[in-house]
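S.K.:
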Amino acid sequence: MKQKEILLNIQRNYNEDDEIADAHVGTSIETPMRKDAFDLSDDEKIKKIESHFTEIMNILGLDLTDDSLSGTPHRVAKMYVKEVFSGLNPENKPKAKLFENKYKYDQMLVEKDITFYSHCEHHFVPIYGKAHVAYISSGEVIGLSKINRIVQYFAKRPQVQERLTVQIAKELQKVLKTEHVGVVVDANHMCVASRGVGDTNSKTGTAFFGGKFKDAQIKNEFLNYINSK
Ligand SMILES: [Zn+2]
1 MKQKEILLNI
11 QRNYNEDDEI
21 ADAHVGTSIE
31 TPMRKDAFDL
41 SDDEKIKKIE
51 SHFTEIMNIL
61 GLDLTDDSLS
71 GTPHRVAKMY
81 VKEVFSGLNP
91 ENKPKAKLFE
101 NKYKYDQMLV
111 EKDITFYSHC
121 EHHFVPIYGK
131 AHVAYISSGE
141 VIGLSKINRI
151 VQYFAKRPQV
161 QERLTVQIAK
171 ELQKVLKTEH
181 VGVVVDANHM
191 CVASRGVGDT
201 NSKTGTAFFG
211 GKFKDAQIKN
221 EFLNYINSK
């Protein structure tokens with residue numbers, strides 16, 4: 001291939017990649033994972049990431065003998081595996097215990113303003129915001145803290161906001177054995193605020209409405225509740 005063609009190809013790939021990132025679209029509802037994703041133990045992953053992050057910092061020209069920087073590769077590696085990306089590992093999925101709906105409460109239950117911190121999978125910088133979740137019981141109910149834990153579990157992955165929204169909703173539908181689940185997510189994307197177009201004020205909203213939540217009246221009841229003070 002001639003030099004010019006190579007350049008054109010690189011340019012095209014670069015543009016396509018950038019378009020995917022700028023549109024913040026994912027490619028599937030499932031987080032794309034390899035089959036061998038958990039062949040390495042957490043400790044082995046931390047060791048490897050630590051050495052690669054050391055290399056990144058070295059390439060950037062940082063002096064790793066400086067006391068302030070020397071521990072950074074290990075801290076970053078541990079944070080990735082044990083904290084901010086711990087939701088990649090199915091072993092960390094919260095086990096949801098259901099309770100019988102003794103009061104025969106058949107209206108919607110809303111858990112609003114669940115704060116979450118996630119990371120954009122295109123830039124590995126934070127996405128943070130609020131998730132609002134509602135469901136209508138099929139006869140069993142779930143502890144409120146469990147809803148919060150399910151949100152945190154899926155947030156602790158490299159994400160796109162649309163996928164995060166759908167993953168939370170599908171998991172709740174499965175756990176609660178009902179189609180009637182609504183999820184709304186409002187989020188700030190640091191990749192939009194701190195780089196690229198540098199827009200610090202825009203927020204992104206995504207929603208999933210399942211079962212009765214597709215019904216305009218139920219949907220509005222949920223949305224009105226979220227928007228009320
Ligand atoms: Zn991004």
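Take the sequence shown: its position 225, counting from 1, is numbered 225 in the UniProt record's numbering, and each next residue is one higher. For every residue, glycine included, the Cβ atom is placed at its ideal position computed from N, Cα and C. Please read all numbers here as calculations on a predicted model, not as lab measurements.
Whole-angstrom Cβ separation of residue 186 and residue 129, contact assumed at under 8 Å?
M.R.: In the sequence shown, the residue the question calls residue 186 occupies position 186. In the sequence shown, the residue the question calls residue 129 occupies position 129. About 5 Å; that satisfies the 8 Å criterion.
S.K.: Determine whether the beta carbon atoms of residue 119 and residue 110 lie at a separation below 8 Å.
M.R.: Locating residue 119 in the sequence shown gives position 119, where the first residue counts as 1. Locating residue 110 in the sequence shown gives position 110, where the first residue counts as 1. No; because the gap between Cβ atoms is not below 8 Å, this pair is not in contact.
S.K.: Residue 172 and residue 133 - do their beta-carbons sit closer together than 8 Å?
M.R.: On the sequence shown, residue 133 is found 133 positions in, with the first residue counted as 1. On the sequence shown, residue 172 is found 172 positions in, with the first residue counted as 1. In contact: residue 133 and residue 172 (Cβ atoms closer than 8 Å).
S.K.: Run the CB neighbour count on residue 164, radius 10 Å, all protein chains shown included, and call it buried at 16 or more, exposed below.
M.R.: Mapped onto the sequence shown, residue 164 falls at position 164. Result: buried.
S.K.: By the three-class DSSP mapping on this structure, what secondary structure does residue 127 have?
M.R.: Start at 1 with the first residue of the sequence shown, and residue 127 comes out as number 127. Note: residue 127 maps to strand in three-state DSSP.
S.K.: Which residues mark the beginning and the end of the beta strand (DSSP E) in which residue 111 is found?
M.R.: Stepping through the sequence shown from its first residue, residue 111 is reached at position 111. Counting along the chain, the beta strand (DSSP E) containing residue 111 begins and ends at 108-120.
S.K.: Excluding the five sequence neighbours on either side, which residues of its own chain have a C-beta within less than 6 Å of the C-beta of residue 225, listed in chain order?
M.R.: Walking along the sequence shown from the start, residue 225 turns up at place 225. The residues are 110.
S.K.: Could you please give the first and the last residue of the uninterrupted beta strand (DSSP E) stretch that includes residue 140?
M.R.: Along the sequence shown, read from residue 1 onward, the residue named residue 140 stands at position 140. Per DSSP, residue 140 belongs to the beta strand (DSSP E) from 140-142.
S.K.: Just checking, does the stretch 60-78 make contact with the stretch 41-50 on the three C-beta pairs under 8 Å criterion?
M.R.: Enough Cβ pairs lie closer than 8 Å, so yes.
S.K.: If you count every other CB in all the chains shown that lies within 10 Å of the CB of residue 54, and 16 or more means buried, which is it?
M.R.: Start at 1 with the first residue of the sequence shown, and residue 54 comes out as number 54. Flag for residue 54 reads buried.
S.K.: Helix, strand or coil for residue 224? Go by DSSP, reduced to three states.
M.R.: One-based indexing of the sequence shown puts residue 224 at position 224. Here residue 224 sits in helix by DSSP.
S.K.: Taking only the alpha-carbon atoms, compute the straight-line gap between residue 70 and residue 57 and give it to the nearest angstrom.
M.R.: Residue mapping note: residue 70 aligns to position 70 of the sequence shown, counting from 1. Residue mapping note: residue 57 aligns to position 57 of the sequence shown, counting from 1. Each residue's Cα considered, the two are about 10 Å apart.
S.K.: Give a yes or no on whether 8 Å exceeds the smallest Cβ distance from residue 160 to chain D.
M.R.: Although the question refers to chain D, the structure presented lacks it and comprises just one protein chain.
S.K.: Would you mind working out which of 108, 177, 168 sits nearest residue 140, comparing C-alpha positions?
M.R.: Residue mapping note: residue 140 aligns to position 140 of the sequence shown, counting from 1. With distances taken between Cα atoms, residue 140 lies closest to 177.
S.K.: Opposite residue 135 in the DSSP bridges: which residues?
M.R.: What you label residue 135 is simply residue 135 of the sequence shown in a count that begins at 1. For residue 135, which the question treats as bridged, DSSP gives the partners 109, 181.
S.K.: In this structure, how does DSSP classify residue 13 when only helix, strand and coil are distinguished?
M.R.: For the purposes of this step, residue 13 is identified with residue 13 of the sequence shown, where counting begins at 1. Since pLDDT at residue 13 reaches only 45, below the 50 mark, its modelled position is unreliable, and the value read off the structure follows with that caveat. It is helical.
S.K.: Compute the beta-carbon to beta-carbon distance between residue 183 and residue 168, rounded to the nearest angstrom, for a pair I have assumed lies under 8 Å.
M.R.: To locate residue 183, count along the sequence shown from 1; it is residue 183. To locate residue 168, count along the sequence shown from 1; it is residue 168. Residue 183 to residue 168, Cβ: 5 Å. Contact.
S.K.: Helix, strand or coil, according to DSSP, for residue 30 in the structure here?
M.R.: In the sequence shown, counting from the first residue as 1, residue 30 sits at position 30. Residue state, collapsed to three classes: coil.
S.K.: Classify residue 52 as buried or exposed, calling it buried when 16 or more other Cβ atoms lie within 10 Å of its own Cβ.
M.R.: The residue you call residue 52 lines up with position 52 of the sequence shown. Answer is exposed; the Cβ neighbour count stays below 16.
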